[in-house]
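What follows is one structure encoded as structure tokens, with my remarks underneath.
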Amino acid sequence: MGRITLEGVAKRFGDVEVIPPLNLDIEDGEFVVFVGPSGCGKSTLLRLIAGLEDVSDGRILIDGKDATDESPAKRGLAMVFQSYALYPHMSVRKNIAFPMKMAGMDQAEQDRRIEAAAKALNLTNYLDRKPGQLSGGQRQRVAIGRAIVREPSAFLFDEPLSNLDAALRVGMRLEISELHNRLKTTMIYVTHDQVEAMTMADKIVVLHAGRIEQVGSPLELYLRPKNAFVAAFIGSPKMNLFTGAAAAEYGATTIGVRPEHIAISPTAGKWQGRVGVSEHLGSDSFFYVEDTGLAETITVRSDGEVNMHHGDTVWLTPTEDKIHKFDANGDRIQ
Ligand SMILES: Nc1ncnc2c1ncn2[C@@H]1O[C@H](COP(=O)(O)OP(=O)(O)OP(=O)(O)O)[C@@H](O)[C@H]1O
Ligand SMILES: [Mg+2]
1 MGRITLEGVA
11 KRFGDVEVIP
21 PLNLDIEDGE
31 FVVFVGPSGC
41 GKSTLLRLIA
51 GLEDVSDGRI
61 LIDGKDATDE
71 SPAKRGLAMV
81 FQSYALYPHM
91 SVRKNIAFPM
101 KMAGMDQAEQ
111 DRRIEAAAKA
121 LNLTNYLDRK
131 PGQLSGGQRQ
141 RVAIGRAIVR
151 EPSAFLFDEP
161 LSNLDAALRV
171 GMRLEISELH
181 NRLKTTMIYV
191 THDQVEAMTM
201 ADKIVVLHAG
211 RIEQVGSPLE
221 LYLRPKNAFV
231 AAFIGSPKMN
241 LFTGAAAAEY
251 GATTIGVRPE
261 HIAISPTAGK
271 WQGRVGVSEH
281 LGSDSFFYVE
291 DTGLAETITV
301 RSDGEVNMHH
311 GDTVWLTPTE
321 DKIHKFDANG
331 DRIQ
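Quick note, the sequence shown lines up with residues 1 to 334 if you use full-length UniProt numbering.
Structure below.
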């Protein structure tokens, strides 16, 4: 079981309140992703849950039991970091066995768990190698293996893939999702990567200066961001935000339109501008349109065959029912 509840959890370092009191419920078996700008408190929150930092206020419940004062080892959670910190002189097998050996587990049980973890992570053929003889992705899998053998009630991942190159990241992302499908163990996962957040999460928690801005499924956050911060944070490329007359026309202080919800035409439309940079990716084209008088640049995403280039005069038309409206506080209107 791995239900985690934060009740009024706050963290101060000296006089600095990094996390004002917050509440959060993580259901057993859920895949929860924490996102937010650098320094917003994602790692701190994860470390509070793991017990690597003490809370300044509030309670942490694991499966309904107060674990606030429990040591990290007693909480039954396993943490996987960005820097996987394997022991270079030990084989993969010994690295994976390490936490079990420290706990004094009997050898037969250790072997059973190593076999199972190696199988789940496609490491069976690498058990006798040293970390130096592995690729980055394989090393990260060993670090995950070391977490799996503890049979934790939840996994806590802090940007586990950020040291890997793009292709490996995609592979590992799928592997972690498959692992979650198989183990059905609660996972809390911190990432900067939009695609990881959108594709892996059952539930995304958007943090900003230690506060929770919104909790919801990836699509809820994409379709109905609660405020302009979430609107701008979720989605890549970012949502276009407009103020002034463009927003007033819709009865809002700020309006937001995602790049994929703006049509681009060489002949007719609502807003006139000129193509600055154009990026042709094959699958998509991105246009950064300038001189509209509405915003410095407007990002437009269209299909890969749209063929417009730097300097072209273009017309943009937002899809009316995809326009997000925000009031003077940045809160969603309606
Ligand atoms: N031990 C500490 N003492 C004082 N301040 C700290 C300590 N650890 C973290 N902080 C501060 O707490 C804030 C949150 O840090 P944290 O590492 O949780 O951010 P983060 O969201 O994980 O950022 P990143 O995305 O860059 O990893 C930062 O302002 C950081 O400087
Ligand atoms: Mg961090």
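All C-beta atoms in this analysis are idealised placements derived from N, C-alpha and C, irrespective of residue type, glycine included.
Per-residue DSSP class, three states only, for residue i
i: Thr292; result: coil
i: Gly304; result: coil
i: Ile188; result: strand
i: Pro160; result: coil
i: Ile114; result: helix
i: Leu77; result: strand
i: Arg139; result: helix
i: Gly145; result: helix
i: Gly14; result: coil
i: Glu213; result: strand
i: Ile23; result: According to the sequence displayed, residue 23 carries Asn and not Ile. It is a strand residue.
i: Lys203; result: strand
i: Asp124; result: What sits at residue 124 in the sequence shown is Thr, not Asp. Thr124: helix per DSSP, three-state reduction.
i: His29; result: It should be noted that the sequence gives Gly, not His, for residue 29. Correct three-state label for Gly29: coil.
i: Gly8; result: strand
Whether residue i touches residue j by CB criterion (9 Å)
i: Pro266; j: Asp303; result: no
i: Lys322; j: His261; result: yes
i: Ala201; j: Pro218; result: yes
i: Met1; j: Ser153; result: yes
i: Phe196; j: Leu221; result: Per the sequence presented here, residue 196 reads as Glu, with Phe not at that position. Cβ atoms of Glu196 and Leu221: not closer than 9 Å.
i: Arg75; j: Gly104; result: no
i: Pro88; j: Lys130; result: yes
i: Ala263; j: Thr319; result: yes
i: Ile176; j: Ile49; result: no
i: Arg3; j: Asp28; result: yes
i: Thr44; j: Asp25; result: no
i: Gln214; j: Val230; result: yes
i: Val92; j: Asp63; result: no
i: Val275; j: Glu290; result: yes
i: Leu22; j: Ile212; result: yes
i: Gly136; j: Leu86; result: no
i: Tyr126; j: Gln138; result: yes
i: Asp158; j: Gln82; result: yes
i: Arg258; j: Gly235; result: yes
Integer-rounded CB distance, given that residue j should sit under 8 Å from residue i
i: Gly330; j: Thr243; result: Between Thr243 and Gly330 the Cβ distance is about 11 Å, and since that is not below 8 Å, they are no contact.
i: Gln140; j: Leu164; result: 7 Å
i: Val18; j: Gly41; result: 5 Å
i: Val205; j: Val32; result: 6 Å
i: Ser268; j: Trp315; result: It should be pointed out that residue 268 corresponds to Ala in this sequence rather than to Ser. That belief holds up - the Cβ atoms of Ala268 and Trp315 are roughly 5 Å apart, short of 8 Å.
i: Ala228; j: Gly251; result: About 15 Å; that fails the 8 Å criterion.
i: Leu156; j: Ala73; result: The Cβ separation is near 14 Å, so there is no contact.
i: Val142; j: Ile96; result: 6 Å
i: Ile298; j: Asn240; result: 5 Å
i: Val80; j: Ile144; result: 6 Å
i: Thr199; j: Arg224; result: About 19 Å separates the two Cβ atoms, so there is no contact after all.
i: residue 340; j: Phe286; result: No answer is possible for residue 340: it lies beyond the span of the chain, which begins at 1 and ends at 334.
i: Ser283; j: His310; result: So it is not a contact: roughly 21 Å between Cβ atoms.
heavy atom of ligand 3 below 8 Å from residue i C-beta
i: Ser43; result: Of the ligands this structure carries, namely ligand 1 and ligand 2, none is ligand 3.
Which full runs of the alpha helix (DSSP H) of 4+ residues lie inside the region 225-284, going along the chain?
228-233 and 245-248
Counting only runs of 3+ residues fully inside the region 304-334, write out the beta strand (DSSP E) ranges in chain order.
313-318 and 324-326
Pair every Cβ in the region 144-153 with every Cβ in the region 115-122, then say whether three or more of these pairs are closer than 8 Å.
yes
At least 3 beta-carbon pairs within less than 8 Å: the region 8-23 vs the region 178-185
no
Can you give, in chain order, each stretch of the alpha helix (DSSP H) that sits fully within the region 35-108 and has at least 4 residues?
42-50, 72-75 and 92-102
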